[in-house]
Amino acid sequence: PESADLRALARQLYESYLKYFPLTKAKARAILSGKTSDNTPFVIHDMKSLLEGEQMINCRQMPMQEHRRSDMGIMHEVELRFFHSCQSRSAEAVSEVTEFAKSIPGFVNLDLNDQVTLLKYGVIEVLIIMMAPLMNKDGTLISYGQIFMTREFLKSLRKPFCEMMEPKFEFSVKFNMLELDDSDMALFLAVIILSGDRPGLLNVKPIEDLQETVLHSLELQLKMNHPDSLQLFAKVLQKMTDLRQLVTDHVQLIQLLKETEVDWCLHPLLQEIMRDLY
Amino acid sequence: KEKHKILHRLLQNSSSPVDL
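Going down the list, the protein sequences come from chains R and F. All letters in the first sequence, in the order written, are residues 15 to 292 by the working numbering. All letters in the second sequence, in the order written, are residues 2 to 21 by the working numbering.
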């Protein structure tokens with residue numbers, strides 16, 4: 015009966031994962047491997063294709079002050095506008111992750127302040143994990159899989175923009191070698207969210223209890239879903255250490271952008287999350 | 002609470018995601 019409960023939990027989390035996250039790993043891998051005939055993404059590999067891609071997805075224009083427009087080169091403007099639309103998408107993704115978190119059995123019964131803390135510290139880790147299925151060694155899908163942006167293009171942007179994605183590619187290529195599927199991912203994301211060691215938590219015990227149940231469910235899931243993959247559970251959990259470092263570095267880069275880019279403005283939700291984070 | 006107004010709103014909002 016206990017393992018039946020753990021299977022039911024896995025099913026439930028997989029269902030809410032499918033409900034809240036529009037681009038699944040299965041769909042992303044089909045697009046990346048060219049297995050869907052109707053879904054060939056537009057490739058952004060230079061500034062010209064970036065402009066075309068922008069027009070294609072009708073990305074919202076970042077309001078620019080007129081007097082600055084003449085001071086700045088057109089390319090600078092494009093980079094800022096692109097990262098501005100990345101921020102809007104990230105904010106949307108935070109709200110999707112929040113809905114997913116609320117669907118984890120027991121989460122909404124936790125102290126509301128602890129729910130906030132778990133999201134504040136967990137959400138960027140979750141977003142990085144969710145980026146992995148969209149990436150391969152050559153680039154990443156963006157805009158719900160409509161666009162493929164090459165890794166080389168991201169590396170060619172001016173500093174510090176060019177340093178933003180490279181660590182995520184390095185992580186993702188290794189993470190993808192574990193070959194988790196969407197149902198495994200759903201449980202892993204819940205484990206990340208339910209971390210009892212986030213700074214400032216008021217009531218750790220119920221969080222640890224919830225996480226323990228999800229961990230059991232993940233362990234069972236991986237054994238059943240990947241019977242030939244030795245120590246997969248341990249390998250997946252080890253990724254959580256890399257994730258914390260990635261988030262620390264990412265937040266530092268964002269701080270740097272705030273100090274160096276005149277026209278940089280951080281989305282209010284992302285500001286809330288990153289303020290006093292690490 | 003003031004520091005995390007939007008997160009609070011997202012968490013307490015019962016069904017549809019709030020307009021960001």
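Yeah, the Cβ is synthetic: ideal placement off N, Cα and C, and Gly gets one too. Keep in mind that this is a model prediction, so the values were computed, not measured.
- Approximately 6 angstroms separates the beta-carbon atoms of R/M149 and R/F183; this is inside 8 angstroms, confirming the contact.
- When DSSP assignments are scanned along the region 209-258 of chain R, the uninterrupted stretches of alpha helix (DSSP H) that are 4 or more residues long and fall wholly within it turn out to be 218-239.
- Spanning the alpha carbons of R/M163 and R/H98 requires a straight line of approximately 16 angstroms.
- The region 15-63 of chain R contains, as complete alpha helix (DSSP H) runs of 4+ residues, the segments 16-34 and 39-46 (chain order).
- For R/M163, there is no enclosing alpha helix (DSSP H); the residue is part of the beta strand (DSSP E) that begins and ends at I161 to T164.
- Leaving aside the five residues that flank R/F121 on each side, the residues in its chain whose CB is nearer than 6 angstroms to its CB run, in chain order, A115.
- A distance below 9 angstroms separates the beta carbons of R/Y31 and R/D196.
- Residue-level contact check: R/P282 touches chain F, since one or more beta carbons of chain F fall below 9 angstroms from its beta carbon.
- In the three-state scheme derived from DSSP, where H, G and I count as helix and E and B as strand, R/I156 is classed as strand.
- Not a single CB atom of chain F sits nearer than 9 angstroms to the CB of R/V261.
- Within its own chain, the residues whose Cβ lies closer than 8 angstroms to the Cβ of R/Q101, once the five positions on either side in sequence are excluded, are L280, H281 and L284, listed in chain order.
- In this structure, the beta-carbon distance from R/L155 to R/I71 does not fall below 9 angstroms.
- In the structure shown, R/M191 adopts coil according to DSSP, grouped into three states.
- In chain F, no part has a C-beta under 8 angstroms from the C-beta of R/R21; the shortest such distance is about 28 angstroms.
- CA-CA distance, R/R21 to R/G210, rounds to 23 angstroms.
- Following the DSSP letters along the chain, one finds R/G120 in no alpha helix (DSSP H), marked with neither H nor E.
- Distance between F/L12 and R/A18, taken at the CA atoms: about 30 angstroms.
- Neighbours of R/L133 in chain F, taken as residues at a C-beta separation under 9 angstroms, are given in chain order as H5, L8, L11 and L12.
- Boundaries of the alpha helix (DSSP H) around R/I207: D196 to I207.
- Counted as a single uninterrupted DSSP element, the alpha helix (DSSP H) harbouring F/H9 occupies residues K6 to Q13.
- For R/Q129, the nearest CB of chain F lies under 9 angstroms from its own CB, placing it at the interface with that chain.
- Your pair R/L65 and R/I142 does not check out as a contact, with CB atoms roughly 28 angstroms apart and the cut at 8 angstroms.
- In chain order, L12 make up the part of chain F whose C-beta sits under 8 angstroms from the C-beta of R/K116.
- Flagged as an interface residue toward chain F: R/L126, by a C-beta distance shorter than 9 angstroms.
- Less than 9 angstroms separates the beta-carbon of R/I206 from that of R/M254.
- Residue nearest to R/S117 within the set R/D152, R/K219, R/A200 and R/L246 is R/A200 (criterion: CA-CA distance).
- Sequence-distant Cβ neighbours of R/A204 in its own chain, meaning closer than 7 angstroms and more than five residues away, are L27, I118 and V228.
- Taking 9 angstroms as the threshold, the shortest C-beta distance from R/E139 to chain F does not fall below it.
- Under the three-pair Cβ rule at 8 angstroms, the region 127-139 of chain R counts as touching the region 212-230 of chain R.
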